[in-house]
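All remarks here apply to the structure that follows.
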DNA sequence: CTAAAACCTGACGTTGGCGTCAGGGGCAAG
DNA sequence: CTTGCCCCTGACGCCAACGTCAGGTTTTAG
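Chains as they are written, first to last, in our numbering: chain A, 25 to 149; chain B, 25 to 149.
In structure tokens:
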């Protein structure tokens with residue numbers, strides 16, 4: 025087994041990425057289109073990913089769930105990849121963090137509201 | 025002042041509802057269209073609301089923020105209004121509550137992720 | 001070898017909560 | 001009177017993250 029083959033063996037196709045991350049194949053293609061994900065190509069044109077594409081896609085999902093859009097995520101990706109940031113990026117990180125915190129607070133308020141309603145409707149059937 | 029006049033004095037127009045709840049006039053009309061909100065009409069056709077439309081609209085916003093859509097909210101409105109529910113509605117309330125809780129957990133995970141990233145980029149400038 | 005499974009590139013469809021424009025009306029202040 | 005503010009009804013526009021269909025190639029299992 026050559027070094028090249030050993031390296032090639034670490035590449036997976038889009039279906040495996042999708043299954044591994046729990047998203048659709050279409051979603052993975054979409055991420056590439058948005059510049060979130062880069063893939064090599066096999067001679068026949070199929071996308072080939074390194075295995076760490078899976079946790080990366082999970083990270084995307086997490087950020088999407090937190091309300092960030094593709095563009096924001098691409099802007100944050102350099103920090104994620106390199107651990108290296110300029111002041112502007114650090115400010116953006118904190119801004120997003122605060123937005124998510126506020127959103128979490130809103131959710132908690134909604135939760136309290138519903139719990140209150142549940143308590144009333146349970147004692148008041 | 026007659027009783028009727030006293031009652032009429034308690035009715036406000038759409039602009040006041042919108043300002044009071046911090047949403048657009050368009051949004052309030054939309055809520056009516058979705059069956060979330062009912063309004064009386066003045067002889068000239070203007071919508072007239074009781075003042076408690078304002079907290080009600082705030083409640084809608086809170087539920088929207090929690091990821092419920094108009095239809096779900098209309099389904100939950102009877103509980104909210106009357107405090108009376110059947111088994112199906114109580115199940116729905118709990119299901120939504122659990123969904124929101126899961127969402128809150130996701131947000132917290134995203135927050136932890138970002139905080140971790142912030143810590144790294146701060147010590148690693 | 002062959003059939004099924006997986007992959008490819010477009011490109012249009014969906015969903016929801018509004019924004020926004022078009023065109024028109026009423027009504028109190030100056 | 002007219003100016004300006006608020007209100008009305010449609011109806012099209014928008015955005016974002018995909019779903020989905022069409023029509024064709026590649027890879028894999030038996």
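C-beta atoms are modelled at their ideal positions from N, C-alpha and C, and glycine is treated no differently. It should be emphasised that the depicted structure is a prediction, and the values quoted were computed from it without experimental measurement.
How far does the beta strand (DSSP E) with residue i in it reach, from first residue to last?
i                     : result
residue 72 of chain B : 71-73
Residues in its own chain within less than 7 Å of residue i by CB, not counting five upstream and five downstream?
i                      : result
residue 66 of chain A  : 72
residue 59 of chain A  : 98
residue 87 of chain A  : 97
residue 138 of chain A : none
With H, G and I counted as helix, E and B as strand and the rest as coil, what does DSSP make of residue i?
i                      : result
residue 65 of chain B  : strand
residue 109 of chain A : coil
residue 48 of chain A  : coil
residue 58 of chain A  : coil
residue 76 of chain B  : coil
residue 25 of chain B  : Because the pLDDT of residue 25 of chain B is 41, which lies under 50, any placement of that residue in the model is unreliable, and the number read from its coordinates should be weighed accordingly. Three-state DSSP puts residue 25 of chain B in coil, outside helix and strand.
residue 116 of chain A : helix
Going by DSSP, what residue range makes up the alpha helix (DSSP H) through residue i?
i                     : result
residue 39 of chain B : 38-45
residue 34 of chain B : Looking at the DSSP string, residue 34 of chain B is not in any alpha helix (DSSP H), and its letter there is neither H nor E.
residue 90 of chain B : No alpha helix (DSSP H) contains residue 90 of chain B, which DSSP labels as neither H nor E.
In its own chain, which residues sit with a C-beta less than 6 Å from the C-beta of residue i, not counting the 5 before and 5 after it?
i                      : result
residue 35 of chain B  : 72
residue 64 of chain A  : 72
residue 77 of chain B  : 41
residue 103 of chain A : 109 and 113
residue 82 of chain B  : 45
residue 222 of chain A : The structure shown does not extend to residue 222 of chain A, since chain A spans only 25 to 149, so no value can be given for it.
residue 147 of chain A : none
What residues in its chain sit with their C-beta under 8 Å from that of residue i, if we drop five residues either side in the sequence?
i                      : result
residue 133 of chain B : none
residue 94 of chain A  : 55, 58, 59 and 60
residue 48 of chain A  : 42
residue 85 of chain B  : 45, 46 and 47
residue 119 of chain A : none
residue 70 of chain B  : 37 and 38
residue 124 of chain A : 90 and 91
residue 62 of chain B  : 56
task = Could you run through the region 82-107 of chain B and flag, in chain order, every residue whose CB is less than 7 Å away from some CB of chain A?
result = Contact annotation: in the region 82-107 of chain B, residues whose CB is within less than 7 Å of a CB in chain A are 86, 87, 89, 90, 103, 104 and 107.
query = Got a sec: which bits of the region 127-148 of chain A sit with their beta carbon under 8 Å from any beta carbon on chain B, in order along the chain?
reply = Residues passing the 8 Å Cβ filter: 127, 128, 130, 131, 132, 133, 134, 135, 137, 138, 139, 141, 142, 144, 145, 146 and 148.
request  = Could you run through the region 108-128 of chain A and flag, in chain order, every residue whose CB is less than 8 Å away from some CB of chain B?
outcome  = Answer in chain order: 108, 109, 113, 114, 117, 118, 120, 121, 124, 125, 127 and 128.
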